[in-house]
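Below is one structure, written out as structure tokens; the observations come after it.
Residue numbers (the working numbering): 3 to 284.
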């Protein structure tokens, strides 16, 4: 074989760079890397309960103990109204989505820093990290929901067809968790103060949400302002589909959905803008 017949070397190369167009979110990449998303979720679950003496039972103990404390302090001593339903059920229907939201926000907002070694070494859609962190607590939610069904049966509270709307409000809670994580995740990469301030902010947010008390005790003139808290609509929706407790504040639910949609879209754009610097700053 002569030199003239030898194949010419291929000098072409592929340069992978993050997109600079803010509108180009490249969400199709998430589907191509769906198996990685599955393994990230599985890894997160293993890390959470690895070397835990009682393992996944913590997913049951935490909401049960929280509801027990609320029932004693707010239900028994403070005599907080519960709309005619037993206070433990009233509290549980709000504690369940709240604990999912709080855990999803905590993990999603700090996931980029926790996976810094992975981010520096290989390329994959960085959006998978907050997605996995927000999806993993759904397992805990499912375990807590099973306990709630047992409590509903104990108090002989009937389950109606409205429960079929529960996945819709769970999706709203997931969207809210993801939107917060998309904003705080990039900030925590640059400023570690986010990791320190987050537990306090979540605690304040809890007391600003109708978990231990009904929305009805909020004065009418403050209802609109109070409804700007997007968790108000989520909790109102959960209580409505599970308890049929009168008519929920559909205005609060609508306001929550609008705010969450805006925050989610803005968070996606902000996350894509900032991800080009993750590997350098983290």
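Cβ atoms here follow ideal geometry from the backbone N, Cα and C, with glycine treated the same way.
Since this is a predicted model, take the numbers as computed values, not measurements.
Relative to the C-alpha of residue i, which residue among the options is closest?
i: residue 256; options: 42, 174, 284; result: 174
i: residue 29; options: 126, 103, 64; result: 126
i: residue 62; options: 223, 253, 228, 139; result: 139
i: residue 278; options: 223, 193, 188; result: 188
i: residue 212; options: 93, 45, 59; result: 93
i: residue 105; options: 246, 225, 204; result: 204
i: residue 163; options: 36, 221, 235, 246; result: 246
i: residue 172; options: 148, 102, 41; result: 102
i: residue 199; options: 107, 210, 258; result: 107
Would you call residue i buried or exposed, if buried means 16 or more other Cβ atoms sit within 10 Å of its Cβ?
i: residue 100; result: buried
i: residue 33; result: exposed
i: residue 86; result: exposed
i: residue 142; result: buried
i: residue 276; result: buried
i: residue 129; result: buried
i: residue 215; result: buried
i: residue 238; result: buried
i: residue 194; result: exposed
i: residue 150; result: buried
i: residue 91; result: buried
i: residue 41; result: exposed
Measure the alpha-carbon distance for residue i versus residue j and round it to whole angstroms.
i: residue 153; j: residue 77; result: 16 Å
i: residue 191; j: residue 158; result: 49 Å
i: residue 80; j: residue 281; result: 51 Å
i: residue 272; j: residue 82; result: 41 Å
i: residue 177; j: residue 156; result: 32 Å
i: residue 23; j: residue 185; result: Below a pLDDT of 50, predicted positions are generally treated as unreliable, and residue 23, at 45, falls in that range; the measurement from the model is reported next regardless. Looking at the two C-alpha atoms, the distance is approximately 18 Å.
i: residue 265; j: residue 183; result: 10 Å
i: residue 75; j: residue 170; result: 31 Å
i: residue 47; j: residue 116; result: 14 Å
i: residue 218; j: residue 124; result: 51 Å
i: residue 235; j: residue 254; result: 5 Å
i: residue 284; j: residue 110; result: 16 Å
i: residue 56; j: residue 49; result: 14 Å
i: residue 1; j: residue 36; result: Nothing about residue 1 can be reported from this structure: the residues present for the chain run from 3 to 284 only.
i: residue 226; j: residue 251; result: 11 Å
i: residue 181; j: residue 166; result: 25 Å
i: residue 210; j: residue 201; result: 14 Å
With distances taken between CB atoms, is the gap from residue i to residue j smaller than 7 Å?
i: residue 131; j: residue 114; result: yes
i: residue 112; j: residue 208; result: no
i: residue 136; j: residue 179; result: yes
i: residue 232; j: residue 262; result: yes
i: residue 134; j: residue 43; result: yes
i: residue 241; j: residue 95; result: yes
i: residue 58; j: residue 51; result: yes
According to DSSP, is residue i helix, strand or coil?
i: residue 124; result: coil
i: residue 80; result: coil
i: residue 142; result: helix
i: residue 8; result: Because the pLDDT at residue 8 is just 49, under 50, the model does not fix this residue reliably, and the point stays unresolved.
i: residue 214; result: coil
i: residue 32; result: helix
i: residue 284; result: coil
i: residue 209; result: helix
i: residue 182; result: helix
i: residue 112; result: helix
i: residue 64; result: helix
i: residue 193; result: coil
i: residue 95; result: helix
i: residue 226; result: helix
At a threshold of 6 Å, does residue i count as lining the ligand MN (C-beta to nearest heavy atom)?
i: residue 92; result: In terms of ligand content, the structure shown is empty, and the ligand MN therefore cannot be addressed.
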